[in-house]
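Structure first, commentary second.
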Amino acid sequence: MRLHRLELTAFGPYAGTEVVDFDELGADGLFLLHGDTGAGKTTLLDAVAFALFNKVPGARGDVKKLRCDYADPQKPTEVSLELTVQGRRFRIVRSPEFDRPKKRGSGGFTTQPAKCSLTWLEGWDGEGLTRIDDVAQAVDSLLGMSHDQFFQVVLLPQGEFARFLRADTAEREVLLEKLFGTGRFLDVEKWFRDKRVAAGRALEDRRQVAAELVQRVAEAAGEEPSSEPGWLDSALERLSSAVAAADALSEETAGVADGAEALLAQSRVQAEQLRRAREARDMLARVEAADSASWFAERDAARRASPVGPAFGEIAKLQETYKFAVRDEARAAEALAGLGYAGSSLREDAERFREEAGGLGELAAEAERQQSDRRRLSVLKDNSHKVERRLLALNAELDVLPERVARCRLQLDAAAEASARLEALKSRADAALALPDATEALARTKKAVHEAIDVHQKAKDVLQQVRHQRLENMAIELAAALKRGKPCAVCGSSSHPAPAQPMLGGVGATDEDDAAAEEQVALDRRTEAERAAHGAELRIQACWEALGSDEPAVAVAEYRAALDLARTRAQRQTEFVGLEAKTRELGAEKAQVEQDLVSLRTEHASLVVVVDDRGARLDKARGEHEDVLTRRDHLLRLAKALVELADRRSARDAAAARVDEQRTLVTTLATEAGFADVDAARAAARSPEKLQALDEWIASWERARASALATLEELAGVDLDAEVDLGEVTAVWSSARAAASSAATARVRAREAFDRVGQLAARLRAEWKSLEPLESAYAELVGLSDVINGSGQNAKRMTLRSYVLAARLEEVAVAASARLHRMSQGRYGFVHSDSASSKGTRKVGLSLDVLDDYSGRARPAKTLSGGESFLASLSLALGLADVVANETGGALLDTLFIDEGFGTLDSDTLDIVMNTLDELRAGGRVVGLVSHVEELRQRIPTRLRVRKARSGSTLEVSLG
0 MRLHRLELTA FGPYAGTEVV DFDELGADGL FLLHGDTGAG KTTLLDAVAF
50 ALFNKVPGAR GDVKKLRCDY ADPQKPTEVS LELTVQGRRF RIVRSPEFDR
100 PKKRGSGGFT TQPAKCSLTW LEGWDGEGLT RIDDVAQAVD SLLGMSHDQF
150 FQVVLLPQGE FARFLRADTA EREVLLEKLF GTGRFLDVEK WFRDKRVAAG
200 RALEDRRQVA AELVQRVAEA AGEEPSSEPG WLDSALERLS SAVAAADALS
250 EETAGVADGA EALLAQSRVQ AEQLRRAREA RDMLARVEAA DSASWFAERD
300 AARRASPVGP AFGEIAKLQE TYKFAVRDEA RAAEALAGLG YAGSSLREDA
350 ERFREEAGGL GELAAEAERQ QSDRRRLSVL KDNSHKVERR LLALNAELDV
400 LPERVARCRL QLDAAAEASA RLEALKSRAD AALALPDATE ALARTKKAVH
450 EAIDVHQKAK DVLQQVRHQR LENMAIELAA ALKRGKPCAV CGSSSHPAPA
500 QPMLGGVGAT DEDDAAAEEQ VALDRRTEAE RAAHGAELRI QACWEALGSD
550 EPAVAVAEYR AALDLARTRA QRQTEFVGLE AKTRELGAEK AQVEQDLVSL
600 RTEHASLVVV VDDRGARLDK ARGEHEDVLT RRDHLLRLAK ALVELADRRS
650 ARDAAAARVD EQRTLVTTLA TEAGFADVDA ARAAARSPEK LQALDEWIAS
700 WERARASALA TLEELAGVDL DAEVDLGEVT AVWSSARAAA SSAATARVRA
750 REAFDRVGQL AARLRAEWKS LEPLESAYAE LVGLSDVING SGQNAKRMTL
800 RSYVLAARLE EVAVAASARL HRMSQGRYGF VHSDSASSKG TRKVGLSLDV
850 LDDYSGRARP AKTLSGGESF LASLSLALGL ADVVANETGG ALLDTLFIDE
900 GFGTLDSDTL DIVMNTLDEL RAGGRVVGLV SHVEELRQRI PTRLRVRKAR
950 SGSTLEVSLG
């Protein structure tokens, strides 16, 4: 990886825009970065890290605080880095999230989101990237190392290694963890410890489950739990013996209970027979003592008197009928009196009135006709008024129609004229609407023409360059065609003593053909673009020719107005035709209305004469009544009332005769039934309910007597004076039954306990079996956790983190020894040891001593002088960079920075260090030294100085 150019704006202490040209600074392979403390030297390296990884190293890693506090609020914070990695040159432009003033509104700030872009410059033809995630993925793929590893190798941490060499064992561990980033191995140690604790808890939970099962087995068996191996089988055997004993006792007590139950059943039968016999004897005595004769006599008298009662009740009904007939007669007489009748010959007068009403029938028809004609006169009068109003409305509507027809005609002519002009106006409007698109197309095609011309010119330049190079190398091309003994095509000689030799990167005919083909393609695209631009110009010219002198907006507006007016033509035509048709229809309707009015008036006059003549005749015939029909109705109602009164009087007489006949019948029935009179018969009568009750009493007496006799006959052999002690037999049975029930309960409980213990025992054995692999896995996990955490079978008592640190330190020490040996002119080398500290601490494997070739002995690194310590720490830093680069397989870092430590070197040692740096840059690397040492400014002519000021830091380049 080689850095080319760094540009940063409003970043860190730099308020403005500062540019670092690494190609210019690194032309000699070595440059010095110096400046006042706090000026921003390290910020330049932070900018490189931020551009690549969106992160900066160490405590400065808060990206949100990277913006310069005294930069112009309108100026964005931005870092642009141009570099080459694996032959691909690209530029990364990145901005962090920061607050900027609002562009709209009344002040305040808004958050500008972070953004990033990657643009390929050389060595890759892919499209650029604009998403932050895509850029991060591309950078990781090219560099092949994480941001932590990059921070280790781009800025050599020789200061950290200097502190490491002077530190004790505990401090060394902290420094090495910071250098090597072994925090993940600490997480692994913690993970194993946590895993061990979690597995131990889970195992303990399972052990507790097994212990609870043991307790439940003991409770179910009624014993104390035991840890003896055979306790579970012994408990099951004891429970099995208890079940067998309970079975035997239950069968024995059940037999005794069955015998007692049979004796109890026999005693209950004897007691029941004795009870029934005694009850039958008592019942027969009560039945014989009852007065049954009176029941039979009362029932016979009631049955003989049963016909008299209904007949006597019929007399009351007939009397009620007679009362209703008298009432109806009075109502009929009252109605007849209301009609003004005073005669006595009811039926004769009724016949006479009907005949008189019949004589008025013919006049009644004329009276109905008279009423109909009078209603017709009223209708004719109303219709005449309606027709007159309609005639007035028609006249008013016909007066305004001519003006409406004329106005509609004018509108129709205007719409027709607009339709005739519409085609011409449309062509002008289409030209006006197409003009903006044509103008935009012209601008677009002109831009394409300029781009095509540029591309063609570049292709043409490339073709000319290729042809020029081919002409310069034509001797090589001709020499390639020479053959031994054949004449040269140029000089004709058959001897070729010194033919031109091929050169790397030479140009041949194929290259010229390819360049010519690319130039032809570019020319075709240029011609096509020019043709498109010419077509766009022609379209604009045609649009203006169609418009003439009118403005586009005027042409469009005129067309749209004419279009709206033309669209109303059909509506106006329909409206005009409708108005003309309406004029004709209203004229015809007016003539018909005038004719109808004459007809109505004529009919009304003739009907008035007829009604007057008929009214005179009907007035004579109606008498004192309102009209003839009223008189006829009165006569008919009077005749009907006379007939009604005659019928009611006949009904009254018939009802009185039926009452007398019924009284005679009742007396006859009482005598025939054997009673002295009707009252005696009525006294003996009983209601149906009472008679039914007498029948039921007698039937019940007969059934009770028969049942008692039958029972006594059935139980004739039972001694009524004997006694049965049922209580004693029941007590014996209850005692036997209780003993059997208790034995059965004990038997069930014994079997339940045996079954329950058997189930729990099976679960307990299964739990013990499932615990075996858990116990084994936990023991294995404990052993592995102890080894990783430096205990158990770990003979070196080194934790995983300490082991990794020791291994990493050993790798770095091997790589650093070679460099230290050269820098110290063969005197010093590193010796790594994994033995425990002499002070008894547990930090094993972190010892790093220096082998002094002068004495042939190893000594602690802290005994080195200041200059020697700097050489040792620089060697370690370079060794770490080599190890990280080799491990990651990433890009070779062609640009390195070394920070501070040069002030401790004497002149000779500084020469040795500078020689080492010369070796680094001799391999093509660019080395930047960050230092305040004045002698370095004299030794290194290429310098980048950082100046600090109140308005922000600035950069100053000095190329010697």
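The sequence shown begins at 0 in numbering that gives the first Met the number 0 and counts up by one.
The beta carbon of each residue, even a glycine, is placed where N, CA and C say it ideally should be.
- Proximity of the region 419-429 to the region 517-526 falls short of the contact definition, fewer than three beta-carbon pairs being nearer than 8 Å.
- According to the DSSP secondary-structure assignment, A857 is paired through a beta bridge with L850.
- Buried is the label assigned to S872, since at least 16 other Cβ atoms lie within 10 Å of its Cβ.
- Going by C-alpha positions, L390 is about 12 Å away from V597.
- A direct Cα-to-Cα measurement between R277 and A288 gives close to 17 Å.
- Pairing G825 with E867, the inter-Cα distance amounts to about 13 Å.
- No Cβ-Cβ contact shorter than 7 Å links A46 with V945.
- Cβ-Cβ separation between V255 and A735: approximately 5 Å, consistent with a contact (criterion under 8 Å).
- Taking a cut-off of 8 Å on C-beta distances, the region 728-748 touches the region 251-266, as three or more cross pairs fall below it.
- Nearest to K380 by C-alpha distance, out of D453, A201, D595, is D595.
- Cβ-Cβ separation between R205 and L780: approximately 15 Å, too far for a contact (criterion under 8 Å).
- Annotation: the continuous alpha helix (DSSP H) that includes L562 extends over 551-565.
- Only residues of its own chain outside the window of five on either side were considered, and among them L202 have a CB closer than 8 Å to the CB of E774, listed in chain order.
- By the beta-carbon neighbour count (other beta carbons within 10 angstroms, threshold 16), D848 is buried.
- Taking a contact to require three or more Cβ pairs closer than 8 Å, the region 668-682 and the region 235-249 do not qualify as touching.
- With contact defined as three or more Cβ pairs closer than 8 Å, the region 654-664 and the region 336-355 are not in contact.
- Taking A241 as the centre and dropping the five residues before and after it, the same chain places the C-beta of A749 closer than 6 Å to its C-beta, in chain order.
- If the five residues before and after K114 are omitted, its C-beta is found closer than 6 Å to the C-beta atoms of S94, all from its own chain and listed in chain order.
- One alpha carbon belongs to R616, the other to A331, and they sit about 36 Å apart.
- Cβ contact annotation for E809 (same chain, cutoff 6 Å, sequence separation greater than five): H831, in chain order.
- Selection L43, H146, G308, L164 evaluated against R858 yields L164 as nearest (Cα-Cα).
- By the neighbour-count definition (other C-beta atoms within 10 Å, threshold 16), V811 is a buried residue.
- For T41, no beta strand (DSSP E) encloses it; the enclosing alpha helix (DSSP H) starts and ends at 40-52.
- A straight-line Cα-Cα distance of about 13 Å links R631 and E367.
- Per the coordinates, the alpha-carbon of A590 lies some 10 Å from the alpha-carbon of E584.
- Proximity to R571 across L711, L409, F311 peaks at L409, based on C-alpha coordinates.
- Across the structure, P12 and T36 are spaced so that their CA atoms are roughly 12 Å apart.
- In this structure, DSSP gives D718 a state outside helix and strand, which the three-state scheme calls coil.
- Contact check for S249 and A743: beta-carbon distance about 5 Å, within the 8 Å limit, so the pair qualifies.
- For the options S790, S426, V607, L537, the alpha carbon positioned closest to that of S371 is the one of V607.
- Taken through DSSP and simplified to helix, strand or coil, E6 comes out as strand.
- Note that the C-beta distance between R90 and W123 is not below 7 Å.
- As a beta-bridge residue in DSSP terms, Y13 pairs with F10.
- Along the length of the region 797-840, whole alpha helix (DSSP H) runs at least 4 residues long occupy 799-822, reported in chain order.
- Within 10 angstroms of the beta-carbon of D68 lie fewer than 16 other beta-carbons, which makes it exposed.
- Rounded to whole angstroms, the separation of the alpha carbons of H455 and A514 is 11 Å.
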